[in-house]
Amino acid sequence: MQRVGFIIYPGFQIIGLAAATAFEVANLVSDPPVYDVSVRSEAGGTIRGSDAVSVDSEALDDTHFDTLIVLGGTGIPVSSPNLLEYIRAASGSVRRLASICTGAFVLADAGLLDGRRATTHWLMSPELRTRFPAIKVEEDRIFLIDGAIWTSAGMSAGIDLALAMIEKDLGRDIARSVAQKLVLYHRRAGGQSQHSTLLALEPKSDRIQSAMDYARRNLRNTLAVEELAEAAHLSPRQFSRLFRAETGDSPAKAIEKLRLEAARLMLEQGRHPIEVIARETGFDDRNRMRRAFLRAYGVPPQDIRRNLAEA
Numbered sequence: 001m002q003r004v005g006f007i008i009y010p011g012f013q014i015i016g017l018a019a020a021t022a023f024e025v026a027n028l029v030s031d032p033p034v035y036d037v038s039v040r041s042e043a044g045g046t047i048r049g050s051d052a053v054s055v056d057s058e059a060l061d062d063t064h065f066d067t068l069i070v071l072g073g074t075g076i077p078v079s080s081p082n083l084l085e086y087i088r089a090a091s092g093s094v095r096r097l098a099s100i101c102t103g104a105f106v107l108a109d110a111g112l113l114d115g116r117r118a119t120t121h122w123l124m125s126p127e128l129r130t131r132f133p134a135i136k137v138e139e140d141r142i143f144l145i146d147g148a149i150w151t152s153a154g155m156s157a158g159i160d161l162a163l164a165m166i167e168k169d170l171g172r173d174i175a176r177s178v179a180q181k182l183v184l185y186h187r188r189a190g191g192q193s194q195h196s197t198l199l200a201l202e203p204k205s206d207r208i209q210s211a212m213d214y215a216r217r218n219l220r221n222t223l224a225v226e227e228l229a230e231a232a233h234l235s236p237r238q239f240s241r242l243f244r245a246e247t248g249d250s251p252a253k254a255i256e257k258l259r260l261e262a263a264r265l266m267l268e269q270g271r272h273p274i275e276v277i278a279r280e281t282g283f284d285d286r287n288r289m290r291r292a293f294l295r296a297y298g299v300p301p302q303d304i305r306r307n308l309a310e311a
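Heads up: the sequence shown begins at 1 in full-length UniProt numbering, then just goes up one per residue.
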């Protein structure tokens, strides 16, 4: 059995423990079970989280863990000297040491992220960079792996981090099965952006939301204004006016953002040829997709794929 320990402290966010469920479900779909999961704190006992939820925990001791994961809180954690000493000592013996969200500040306080690439919630990334200039902070990543150190973005990204660990341990099929049982839309890769195009556009009316959902499902189509307007049950003129009023973007610009997001996700999740990705996401050819990537990200698709492979 691989021991997985989740480290909590007063003020931790309970949603971070959702990552523990991924390991528990992995035990249900693998034969024999693989993970022994426990919740730990400096002194043990009942630990109150950031809201009205308290969790029972075991004290940190000399138990050997395969994987230790430090949870985050709503703010920046204040780490005790004893906790930092424990984490420093554990870093030399565990196979993986990880943080979820602002738990990265605990690893940083322990000096374990100096010279490494790391991420945290995008809101806290500037503070992490300011406080710890020796860390190579990459704020727009779901999670990052640098040697034995794993760091993740916001709390829900802890589930993606756990699924990636499960995939490394047990293979893609088990990880996919766990994601399905958790009713996840898809398993996000580490290099994926923390920002969702649909959330960023944030259409307010049901009609514009329906048109954007239609577009996301039919990226191979031309998706001219007439087609989107029909999906929204509006005239093309009404649709264009309402779309810009609600999102601040033109329909064409928004569709390009959706295509870029889908193409980047395909780059992260598989080894499809660039030509196939361009066709499936509606760019039609690799040159058009390359120009869109350069405008949006400043690098071509090949560079993003290469960076992901090195992560």
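Here a beta-carbon is modelled for each residue, glycine too, at the ideal position from N, C-alpha and C. Small disclaimer: the values here were computed from a predicted structure and weren't measured.
For residue i, name the three-state secondary structure that DSSP assigns.
i, result
"arginine 48", "strand"
"alanine 157", "helix"
"alanine 18", "helix"
"isoleucine 166", "helix"
"threonine 67", "strand"
"threonine 247", "helix"
"phenylalanine 105", "helix"
"glutamine 192", "Reliability fails at glutamine 192, whose pLDDT of 48 lies under 50, so the model's placement of it is uncertain and no value is given."
"phenylalanine 132", "coil"
"valine 78", "coil"
"valine 137", "strand"
"alanine 26", "helix"
"leucine 228", "helix"
"aspartate 213", "helix"
"arginine 96", "strand"
"aspartate 31", "coil"
"histidine 186", "Caution is warranted here: a pLDDT of 48 is assigned to histidine 186, below 50, making its placement in the model unreliable, and the coordinate value is therefore given only provisionally. It is coil, neither helix nor strand."
"lysine 181", "helix"
"methionine 124", "coil"
"lysine 257", "helix"
"methionine 1", "coil"
"serine 235", "coil"
"aspartate 173", "helix"
"serine 91", "helix"
"alanine 263", "helix"
"leucine 83", "helix"
"alanine 110", "coil"
By alpha-carbon positions, which one of the options ends up nearest to residue i?
i, options, result
"valine 55", "Ile15, Leu68, Val34 and Gly75", "Ile15"
"arginine 297", "Asp61, Ala98, Arg207 and Arg264", "Note on residue identity: the sequence assigns tyrosine, not arginine, to residue 297. Nearest of Asp61, Ala98, Arg207 and Arg264 to tyrosine 297, Cα basis: Arg264."
"cysteine 101", "Arg271, Ala229, Ser38 and Ile159", "Ile159"
"aspartate 97", "Arg305, Asp62 and Leu161", "Note that residue 97 is leucine in the sequence shown, not aspartate. Considering only alpha carbons, the answer is Leu161."
"aspartate 109", "Ala118, Ser91 and Phe132", "Phe132"
"glycine 11", "Met1, Ser30, Ala148 and Leu71", "Leu71"
"leucine 113", "Ile145, Thr74, Arg95 and Lys204", "Ile145"
"arginine 116", "Thr130, Val106, Ala134 and Glu226", "Ala134"
"phenylalanine 293", "Arg279, Glu256 and Val276", "Glu256"
"glycine 5", "Ser30, Ala26, Gln13 and Asp36", "Asp36"
"aspartate 213", "Ala245, Leu228 and Leu242", "Leu228"
"leucine 258", "Ala19, Ala215, Glu246 and Arg279", "Ala215"
"arginine 237", "Ala20, Ala89 and Val225", "Val225"
"lysine 204", "Leu170, Phe243 and Val183", "Phe243"
"arginine 141", "Ala148, Ser152 and Gly49", "Ser152"
"isoleucine 174", "Asn82, Gly73 and Leu163", "Leu163"
"leucine 267", "Pro301, Phe239 and Glu246", "Pro301"
"serine 156", "Glu138, Leu184, Arg172 and Gly147", "Leu184"
"arginine 279", "Arg3, Asn221 and Arg295", "Asn221"
"aspartate 284", "Leu219, Thr119 and Ser240", "Leu219"
"isoleucine 69", "Ser30, Arg3, Thr130 and Ile76", "Arg3"
"threonine 67", "Leu170, Met165, Arg305 and Ile208", "Met165"
"glycine 171", "Ala19, Ala89, Ser30 and Tyr9", "Ser30"
"leucine 60", "Val53, Ile8 and Val106", "Ile8"
"alanine 262", "Phe143, Val106 and Thr281", "Thr281"
"glycine 147", "Arg95, Ile208, Val276 and Leu28", "Arg95"
"asparagine 27", "Met1, Phe239 and Gly111", "Met1"
"glutamate 246", "Leu260, Val276, Arg207 and Asp303", "Arg207"
From the DSSP output, which residues share a beta bridge with residue i?
i, result
"valine 55", "Ile47"
"phenylalanine 6", "Val39 and Ile69"
"phenylalanine 12", "Gly73"
"alanine 118", "Val137"
"aspartate 146", "Ile149"
At least 3 beta-carbon pairs within less than 8 Å: the stretch 280 to 289 vs the stretch 237 to 252: no
Alpha helix (DSSP H) runs contained entirely in the stretch 279 to 305, provided each spans 4 or more residues: 286 to 297
Segment contact, 8 Å Cβ cut-off, at least three pairs: the stretch 123 to 132 with the stretch 32 to 50: no
The stretch 230 to 242 in contact with the stretch 267 to 278 per 3-pair CB rule at 8 Å: no
Contact the stretch 174 to 181 vs the stretch 19 to 30: 3+ CB pairs below 8 Å: yes
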